[in-house]
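Student:
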Amino acid sequence: MKPIRKQFDAAASFPFEFSYRAVKDSHNELPNHLHDWHEIVYVHSGKGVFFIDGSFYAIEPGDLFLLPGNTVHRALPDEEAPLTVSAIYFHGRIVQWDSLGDTFSFVQCFEEANKRKSQKLSLDTSDQHLIETMLVHINDELTMDKPGRRHAAVLHLLQLLLLLNRQIPAPTAERKHTGAPEWMRLTLRTIDEHPFGDVSLSTLTAKAAVNPSHFTRVFKLLTGMTLTEYVTAKRISHAKELLLSSDAPIHAIASECGFESLPHFHRTFKKLTGTTPAGYKRSSLASDFK
Numbered sequence: 069m070k071p072i073r074k075q076f077d078a079a080a081s082f083p084f085e086f087s088y089r090a091v092k093d094s095h096n097e098l099p100n101h102l103h104d105w106h107e108i109v110y111v112h113s114g115k116g117v118f119f120i121d122g123s124f125y126a127i128e129p130g131d132l133f134l135l136p137g138n139t140v141h142r143a144l145p146d147e148e149a150p151l152t153v154s155a156i157y158f159h160g161r162i163v164q165w166d167s168l169g170d171t172f173s174f175v176q177c178f179e180e181a182n183k184r185k186s187q188k189l190s191l192d193t194s195d196q197h198l199i200e201t202m203l204v205h206i207n208d209e210l211t212m213d214k215p216g217r218r219h220a221a222v223l224h225l226l227q228l229l230l231l232l233n234r235q236i237p238a239p240t241a242e243r244k245h246t247g248a249p250e251w252m253r254l255t256l257r258t259i260d261e262h263p264f265g266d267v268s269l270s271t272l273t274a275k276a277a278v279n280p281s282h283f284t285r286v287f288k289l290l291t292g293m294t295l296t297e298y299v300t301a302k303r304i305s306h307a308k309e310l311l312l313s314s315d316a317p318i319h320a321i322a323s324e325c326g327f328e329s330l331p332h333f334h335r336t337f338k339k340l341t342g343t344t345p346a347g348y349k350r351s352s353l354a355s356d357f358k
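Below, the structure written as structure tokens:
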């Protein structure tokens, strides 16, 4: 199954969505997500495994996950202990703030999590209670028709991000190997480090010394995608970064990201993002000036 592209409008006047205490089991959890917005996931109860950008994390109550935009991720709830989670999705511009002479940024925690390749925070009991209280306040503001409710929700989000940023300098939770075989972890690391190289099924199965049919079955079971879909998602994610961070022409970006033809790049990009490369760049740049 291809990555699910959650429909978020970066140009919206209130680029913020919230899901409070939703129950996720193996039957109703979306196979995998890929979107531009930052996402915070807090686990109230249940167990499972979180696949995030090539790594597997054990899920326990009280865990919090920081997911920067364009990160492929998939939750695999335990059949005996479905997950109850709250999730906040937001565009970075909603938390932009004057520097006040400081180098602090509210989205630093996402940048640091991405840099460290460690998206999980295991919180102590006092911080869990603080975060759960903040989530209640956000839910109350968004469900009650009071003046300034959106502003209030964002203020609670800023308070939450401040807390999370102060957690980052402390040692973060180690990634726990949760049943994924060693060859699978090595395969994902190879794709992550060389997404534009030779990451064909034949090459990866030879390197892993695994039968192709077994490789294909396990890869899709753990990631929710075929090998081709996963590699394509990684390439498109990199293309989106290049579109916003460079002035390179689209054909050069397509080539750099491993696409042999521009029409194929356009078709694939639109299938995964819902817009063309040029349209994505225009809308993203326009939203930054709102």
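Position in the sequence shown (first residue = 1) + 68 = my numbering. Glycine included, C-beta positions come from ideal geometry on N, C-alpha and C.
Going along the chain, which residues of its own chain have a beta-carbon closer than 6 Å to the beta-carbon of Ala307, five neighbours each way excluded?
Tutor: Taking the first residue of the sequence shown as position 1, residue 307 is located at position 239. Hits under 6 Å: Ile321 and Cys325.
Student: Considering only their Cβ atoms, is the gap separating Phe119 from Leu135 smaller than 8 Å?
Tutor: Reading the sequence shown from its first residue, position 67 is the one you call residue 135. Reading the sequence shown from its first residue, position 51 is the one you call residue 119. No, the pair does not count as a contact, with Cβ atoms beyond the cut-off.
Student: Is Leu98 buried or exposed, if buried means 16 or more other CB atoms sit within 10 Å of its CB?
Tutor: Mapped onto the sequence shown, residue 98 falls at position 30. Low confidence applies here, because Leu98 scores a pLDDT of 47, under 50, leaving its location unreliable; read the following figure in that light. Classification for Leu98: exposed.
Student: Just verifying my parser: in three-state terms, what is the DSSP assignment at His334?
Tutor: Numbered from its first residue, the sequence shown carries residue 334 at position 266. Helix at His334.
Student: What residues in its chain sit with their C-beta under 8 Å from that of Thr284, if we drop five residues either side in the sequence?
Tutor: Counted from its first residue, the sequence shown places residue 284 at position 216. Answer for Thr284: Leu269, Thr294 and Leu295, listed in chain order.
Student: What are the boundary residues of the beta strand (DSSP E) that includes Thr152?
Tutor: Against the sequence shown, residue 152 aligns to sequence position 84. Unbroken beta strand (DSSP E) run through Thr152: Leu151 to Phe158.
Student: What residue from Phe333, Thr341 and Leu229 has the CA that sits closest to Trp165's CA?
Tutor: Against the sequence shown, residue 165 aligns to sequence position 97. For the residues Phe333, Thr341 and Leu229, the minimum Cα distance to Trp165 belongs to Leu229.
Student: Can you give the Cα-Cα distance for Phe337 and Ser351, rounded to whole angstroms?
Tutor: Residue numbering aside, residue 337 sits at position 269 when the sequence shown is read from its first letter. Residue numbering aside, residue 351 sits at position 283 when the sequence shown is read from its first letter. So the two alpha carbons sit approximately 15 Å from each other.
Student: Quick check on the DSSP output: what are the complete alpha helix (DSSP H) runs of length 4 or more inside the stretch 140 to 224, in order along the chain?
Tutor: 176 to 184 and 193 to 211
Student: What did DSSP end up calling Gly116 once you bin it into helix, strand or coil?
Tutor: Residue mapping note: residue 116 aligns to position 48 of the sequence shown, counting from 1. Of the three classes helix, strand and coil, the one that applies to Gly116 here is strand, per DSSP.
Student: Counting along the chain, where does the beta strand (DSSP E) carrying Glu85 start and finish?
Tutor: Translated into positions along the sequence shown, residue 85 becomes position 17. Segment Phe84 to Lys92, the beta strand (DSSP E) holding Glu85.
Student: Please identify the residue among Val299, Arg253 and Pro345 whose C-alpha is closest to the C-alpha of Tyr125.
Tutor: Here residue 125 corresponds to residue number 57 of the sequence shown, with the count starting at 1. Minimum Cα distance to Tyr125 is reached at Arg253.
Student: Looking at Gly130: is its Cβ nearer than 8 Å to the Cβ of Gln176?
Tutor: Reading the sequence shown from its first residue, position 62 is the one you call residue 130. Reading the sequence shown from its first residue, position 108 is the one you call residue 176. No. Outside cutoff.
Student: Using a 10 Å radius around the Cβ and a threshold of 16 neighbouring Cβ atoms, would you call Phe82 buried or exposed?
Tutor: As a position in the sequence shown, residue 82 is number 14, starting the count at 1. Answer is exposed; the Cβ neighbour count stays below 16.
Student: Which whole-angstrom value is the C-beta distance of Ile162 and Phe84, which I expect to be below 8 Å?
Tutor: Position 94 of the sequence shown holds residue 162. Position 16 of the sequence shown holds residue 84. About 6 Å separates the two Cβ atoms, so the contact holds.
Student: What residues in its chain sit with their C-beta under 8 Å from that of Tyr88, if we drop five residues either side in the sequence?
Tutor: Residue 88 sits at position 20 when you count from the first residue of the sequence shown. Within the same chain, Tyr88 has close Cβ partners Ser154, Leu203, Ile206 and Asn207.
Student: So, at 8 Å on beta carbons, what are the nonlocal neighbours of Glu179 in its own chain, with the 5 sequence-adjacent residues on each side left out?
Tutor: Reading the sequence shown from its first residue, position 111 is the one you call residue 179. Only residues of its own chain outside the window of five on either side were considered, and among them Pro136 and Ser173 have a CB closer than 8 Å to the CB of Glu179, listed in chain order.
Student: By DSSP, does Asp315 sit in helix, in strand, or in coil?
Tutor: The count along the sequence shown starts at 1 and reaches residue 315 at position 247. Three-state result, Asp315: coil.
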